[in-house]
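Colleague: Read in order, the letters of the sequence shown are residues -24 to -1, 1 to 56 in mature numbering (1 follows the signal peptide of the UniProt record, and there is no 0).
For every residue, glycine included, the Cβ atom is placed at its ideal position computed from N, Cα and C.
One structure follows; several queries about it will come next.
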Amino acid sequence: MSKVLKVGLLLLLVAVAASAYAVAEENGAPKENKQLPQIDDYGVTNKCPANQPFKWNCNYCTCGPEGKDASCTRMACPQH
């Protein structure tokens, strides 16, 4: 692979990463200083505050419009 192609691919990767970060910020990604409700039993009850962000264990979620079926990050949480 030529050096020019490698540099081009690297620049493309950086641009995609920067775009993804900007979109996450626009979509209201949780800020570290923002206090979100912690719902530890979401995995059992599947209930959450409709259309609201919350934390489930170490993951960030946004609840669905009917108060269930949230969309969450999928980080592996450390065991306590």
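(1) Apart from the five residues just before and just after ASN27, which ones in its own chain have a Cβ nearer than 8 Å to its Cβ?
(2) Got a sec? Which residues, its chain only, sit under 8 Å from GLY43 by beta carbon, not counting five neighbours each side?
(3) Nearest-angstrom Cα distance between ASP16 and LYS10?
(4) Taking only three categories from DSSP, how would you classify LYS10?
(5) Check each candidate in VAL20, THR21, CYS53 and ASP45 and name the one with the smallest Cα separation from ASN35.
(6) Between LYS31 and GLN55, which are expected to be in contact by the criterion C-beta below 8 Å, what is the C-beta distance as a whole number of angstroms?
Modeller: Taking the coordinates as given:
(1) Excluding sequence neighbours, ASN27 sits near THR38, CYS39, GLY40 and PRO41.
(2) By the criterion of a C-beta distance shorter than 8 Å, GLY43 is surrounded in its chain by LYS23, CYS24, PRO25 and ALA26, once the five residues flanking it on both sides are discounted.
(3) Counting only the Cα atoms, LYS10 lies some 18 Å from ASP16.
(4) Residue state for LYS10 is assigned as coil, using DSSP reduced to three classes.
(5) Selected option, being the one with the closest Cα: CYS53.
(6) In this structure LYS31 does not touch GLN55 by the C-beta definition: roughly 17 Å separates them, more than the 8 Å allowed.
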